[in-house]
Amino acid sequence: MERKNDNHDEHDELDEETLFIVSQTFKALGDPTRIRILHLLSEGERSVNQIAEALHLQQSTVSHQLRFLKNLRLVKYRREGTSMYYSHDDEHVVKILEQTIDHARH
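Just so we're aligned, residue 1 is where the sequence shown starts under the UniProt record's numbering, counting upward by one.
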C-alpha cells in the first residue's frame with residue numbers, strides 16, 4: 001500500500017553541495033567589507049579603483065574580497081583595457097542583502 005507524504009517527506013533533504021553553497025554565501029555576507037562592496041555594486045558597475053575610493057579601502061583589500069566574491073559567483077567582471085569592472089552576479093543575493101539592510105534599519 002502506498003503511503004501518503006507526511007510532513008517529513010514533503011521537503012527534500014539538502015544535499016551536501018547545496019549546504020556548502022548556502023553556508024559560503026552566508027559567510028560572504030558575514031563580512032562587513034564584502035557587504036559594503038556588494039551593496040555598492042548593487043547600485044551599478046564599478047572598477048576596482050572606484051570601489052576602493054568609494055569605500056576608503058586599499059586596492060589590495062578590494063581585490064582580495066572581489067576574488068572571494070567572484071569564486072562564489074556573487075560578482076562578475078569584464079575587462080576594458082587594463083581595468084576590470086565588477087558588477088553583482090546574483091539578483092537573489094542582492095535582494096537578501098537589501099532585505100537584511102532594511103531589517104537592520106527598522
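Beta carbons: idealized from backbone N, C-alpha and C, even for Gly.
Bear in mind the structure is a predicted one, so any value in this text is a computation, not a measurement.
Review point. Is there contact between the region 58-68 and the region 89-101, where contact requires at least three CB pairs shorter than 8 Å?
Key: no
Practice item. Report yes if the C-beta distance between Leu-57 and Ala-28 is below 7 Å; otherwise report no. Key: For the purposes of this step, residue 57 is identified with residue 57 of the sequence shown, where counting begins at 1. For the purposes of this step, residue 28 is identified with residue 28 of the sequence shown, where counting begins at 1. It is not a contact, given that the beta carbons lie outside the stated cut-off.
Check your understanding: Where in the UniProt domain "HTH arsR-type" (14-106) do unbroken runs of the beta strand (DSSP E), each at least 3 residues long, occur, reported from the N-terminal end onward?
Key -> 75-80, 83-88
Review point. Going by other Cβ atoms of all chains shown within 10 Å of its Cβ, with 16 needed for buried, is His-88 buried or exposed?
Key: In the sequence shown, residue 88 corresponds to position 88, counting from 1. His-88 is buried by the Cβ-count criterion.
Practice item. Give every residue of the same chain whose Cβ lies closer than 7 Å to the Cβ of Arg-78, excluding the five residues on either side of it in the sequence, and list them in chain order. Key: Taking the first residue of the sequence shown as position 1, residue 78 is located at position 78. Cβ neighbours of Arg-78 beyond the five flanking positions: Tyr-85.
Review point. Got a sec: is the Cβ-Cβ distance from Ala-28 to anything in chain D below 7 Å?
Key: The chain inventory of the structure shown lacks chain D, comprising one protein chain alone.
Exercise for review: State the Cα-Cα distance for the pair Asn-49 and Thr-25, rounded to the nearest angstrom.
Suggested key: The sequence position of residue 49 within the sequence shown is 49, counting from 1. The sequence position of residue 25 within the sequence shown is 25, counting from 1. Going from the Cα of Asn-49 to the Cα of Thr-25 covers about 25 Å.
**Study point:** Asp-90 versus Glu-53: straight-line alpha-carbon distance, rounded
**Key:** Position 90 of the sequence shown, counting from 1, holds the residue named residue 90. Position 53 of the sequence shown, counting from 1, holds the residue named residue 53. Taking the straight line from one Cα to the other gives about 24 Å.
Exercise for review: Please name the residue in His-106, Asp-102, Leu-69 whose C-alpha comes closest to that of Arg-34.
Suggested key: By one-based count along the sequence shown, residue 34 stands at place 34. Nearest C-alpha to Arg-34: Leu-69.
Practice item. Report yes if the CB atom of Ile-101 is closer than 7 Å to the CB atom of Gln-65, and no otherwise. Key: Position 101 of the sequence shown, counted from the first residue, corresponds to residue 101. Position 65 of the sequence shown, counted from the first residue, corresponds to residue 65. Cβ distance not < 7 Å, so Ile-101 and Gln-65 don't count as in contact.
Review point. Taking Ile-21 as the reference, which of Glu-80, Asn-71, Lys-76 has the closest Cα?
Key: As a first step, residue 21 is located in the sequence shown; it is residue number 21 there, counting from the start. Cα-wise, what sits closest to Ile-21 is Asn-71.
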